[in-house]
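Just add 13 to wherever you are in the sequence shown, counting from 1, and you've got the numbering used here. We treat Cβ as the ideally placed atom computed from N, Cα and C, and that holds for glycine.
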Amino acid sequence: MAFHGAQIGSDFEDGNIALDTSTGKHHGIALWPIPSDDPADPIRWSRWLKIVAFLSACMCNFSSNVSGSGLSVSIPQLIQEFRRSENQVNGLLAYNFLFLGIGNLVWVPLAVKFGKRVVLITSITLLFLTLVWCAASTSFESLLAARCFSGFAAAAGESIVPAIVSDIFFFHERATMMATYVIFTTGGTAVGPLIAGYMEQYTGSWRNFVWLSAALAGFNALLLLAAFPEPNFRRPTALQTLHTTEEEKGNVSHTEQGKDTKDIVQDIESKPAALLGVQNVAVSNPSWKKILTTTTKVDVEVNLFKTLLHPVVFLTYPPVVWAIFIYGVALSPQIILIFKFPTLLTPPPYLFGSGEVGLMQIAAIIGFTFACFGGGWVSDIITARRIVRSGGIVYAEQRLLSLVPASWIAPAGCILIAIAGSRLLAWPSLAVGFGMLSFGTVYAPNIAVTYVVDSYPRFAAESLVLINVFKNIVAFVFIFVAVNWIEADGFLQVYMILFMLVCVSILLAIPLYFYGRRWRLAASKSTRHNWFL
């Protein structure tokens, strides 16, 4: 059985690939990773099975974020019911985010060692049980403890799902799939308050929403059990090291003979991103019986102790550090606004009810949708163009060019919210600004996370642990300080500071674009890298 793929030079985990497009190409793009002859190779799953499995895993993030963010619109009712201060009630959300980050440090090493399927099923089942606990809680202390455990249970999908993208999709498909993952994650944070607001307004209790969230988690557990095969697979290294890169030898054939690069680019643009690079791959799906009976898939070559230390090692890598910074900075303006909305929009001049406060999330959903299109499908097209124009040389930094078209939207949203919030302008101005901030929460972070996955695909889950831990620590801090910070300094000063931080985080992509390959190559040759990874 023959598989047509790319010839490459450098270790793919370093994010540099020289593709020989004279062998194994599809519209000018060579396949990466190269499918193996092993029927257990998940890259050989049929397209429908990949999509079903991937969406089943994405639902973990949707379920956890719906349940985690939904209570934000119930803050006034929780204050009244439990007779606590606003900051104390905010702790129900803040500690949930904190444990959502901490949980990544536990779930990801277990998934690498014992398999992603068993870890996702275990975590979503635990989420179901803790949500039942939340709904049945009669004291504030019990509810707070349940929220902490539910955050921990919900953490598995955050870093594991991006690793699944690396497991089952080709290089030039990943931004689209990462965008899908992000829209499930961020969509949950918008849909949760939207549903919770109306359920509280018309049923009179926040508990009904928590029961609904528990039912969603239970359904998700059944979906994973039936439709999510184990994607862990140790790819043969012989396929990945056929010859050295053009940068080292200068002898790689880059473009198809007899076909102009411009024509290839036009051919790429005329095809859906999902179809690029898929040719001559024999489909090999696991049977339903095998899917249902698979429990764990232990990788005997994985050292669990070293895997636990991987996140610490990646903290020294510039791409990961930048992704942490840009994700945290992009998230901050939106997080502050989400938790300021109930106290901002309830009193005059707005006089919103909880349902109307929840409706503001429609602006976020619109922003998320456009950002996923731009940071996903458009990013894949831009990357494909760069691959062809560079003559088949693929390197992770090509992904960073996707930041150029729409990186101005989030900074502009900060300026709009600064003015609208300080002057109490009409609510549509707040909605537009919120939508722009929501766009920024997805667009740049999605490109940054995809860049990290492209740079370190073998360690996608481990490298993303740090991003998710710090992202949730940022959310934890800002939930506590948001109300007091705005009350002390005002919308104008707070959001102009955030405007500057967002701009700096985006501009830091410039040195990464020019020097990122050099830094990654140096890191891959270090003793620290070779011993720990």
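Any contact of the segment 109-116 with the segment 227-236, i.e. 3+ C-beta pairs under 8 Å? no
Taking Val204 as the reference, give the member of Trp532, Ala124, Leu357, Ser77 with the closest Cα. Ser77
Segment limits, alpha helix (DSSP H) that includes Glu94: 88-95 is the span of the alpha helix (DSSP H), which, as asked, contains Glu94.
Span of the alpha helix (DSSP H) holding His323? 317-327
Which whole-angstrom value is the C-beta distance of Ala488 and Ile348, which I expect to be below 8 Å? 5 Å
Please name the residue, chosen from Leu521, Val79, Phe184, Tyr340, that lies closest to Pro470 on a Cα-to-Cα basis. Phe184
Just grab the DSSP bridge partners of Tyr363 for me. Paired residues: none, contrary to the question.
Straight-line CA distance for Ala439 to Met509? Their Cα atoms are separated by approximately 20 Å.
Would you kindly work out how many angstroms separate the C-alpha atoms of Ile304 and Val131, rounded to a whole number? 11 Å
When you compare only the Cα positions, how much space is there between Met449 and Ala425? 8 Å
Closer than 7 Å by C-beta to Ile492: which residues in its own chain qualify, once you throw out the five before and the five after it? Chain order, please. Residues of the same chain with a CB within less than 7 Å of the CB of Ile492, apart from the 5 flanking positions on each side, are Asn103, Leu106, Ala107, Phe110, Ile348, Phe352 in chain order.
Ser59 to Cys516 span [Cα, whole Å]: 42 Å
Short of 8 Å in beta carbon distance, which residues of its chain neighbour Phe512, apart from the five on each side in sequence? Order them along the chain. So the qualifying residues of the chain are Pro424, Cys427, Ile428, Ala431.
Helix, strand or coil: which one does DSSP assign to Tyr469? Coil.
Short of 8 Å in beta carbon distance, which residues of its chain neighbour Trp120, apart from the five on each side in sequence? Order them along the chain. Val132, Ser136, Ala168, Ala169, Ser172, Ile173
I'd like to know if the segment 188-202 and the segment 91-101 are in contact, where contact means that at least 3 CB-CB pairs between them fall below 8 Å. Pairwise C-beta distances place the segment 188-202 out of contact with the segment 91-101, as fewer than three of them are shorter than 8 Å.
Under the three-state DSSP convention, the category Tyr330 falls into: DSSP places Tyr330 in the coil class of the three-state scheme, outside both helix and strand.
Would Ser451 be called buried (16 or more neighbouring beta carbons within 10 Å of its own) or exposed? buried
Can you list, in chain order, the residues of its chain with a C-beta nearer than 8 Å to that of Asp467? Leave out the 5 residues immediately preceding and following it. Gly28, Phe184, Arg187, Ala409, Arg412
Could you check if Ile88 is buried or exposed, using at least 16 other CB atoms within 10 Å of its CB as the buried criterion? Counting the other CB atoms within 10 Å of its CB gives Ile88 a total of 16 or more, which places it among the buried residues.
For a quick check, are the C-beta atoms of Ala209 and Gly81 less than 7 Å apart? no
Have a look at Phe162, Phe153, Ala124, Thr151 and flag the residue whose alpha-carbon is nearest the alpha-carbon of Leu142. Phe162
Could you check if Pro361 is buried or exposed, using at least 16 other CB atoms within 10 Å of its CB as the buried criterion? exposed
What is the residue span of the alpha helix (DSSP H) that Trp120 lies within? 99-127
In its own chain, which residues sit with a C-beta less than 7 Å from the C-beta of Leu144, not counting the 5 before and 5 after it? Ser80, Ser163, Val223, Ser226, Ala227, Ala230
Mind checking Lys126: buried by the 16 CB within 10 Å criterion, or exposed? Burial call: buried.
Shortest alpha-carbon distance to Leu322 belongs to which of Asn485, Leu123, Ser218? Leu123
Taking all protein chains shown into account, decide if Ile337 is buried (16 or more other Cβ within 10 angstroms of its Cβ) or exposed. buried
According to the Cβ coordinates, are Gly341 and Lys484 closer than 7 Å? yes
Can you name, in chain order, every residue of its own chain whose Cβ lies under 6 Å from the Cβ of Met212, other than the five neighbours on each side? Same-chain partners within the cutoff: Asn221, Phe222.
With distances taken from CA atoms, which of Ala66, Val65, Leu118, Ile47 is nearest Val482? Leu118
Look up Lys284 in the DSSP assignment and say whether it is helix, strand or coil. With a pLDDT of 41 at Lys284, under the threshold of 50, the modelled position of this residue cannot be trusted; read the value that follows with caution. Of the three classes helix, strand and coil, the one that applies to Lys284 here is coil, per DSSP.
Just to confirm the assignment, what range does the alpha helix (DSSP H) spanning Ser69 have? 60-82
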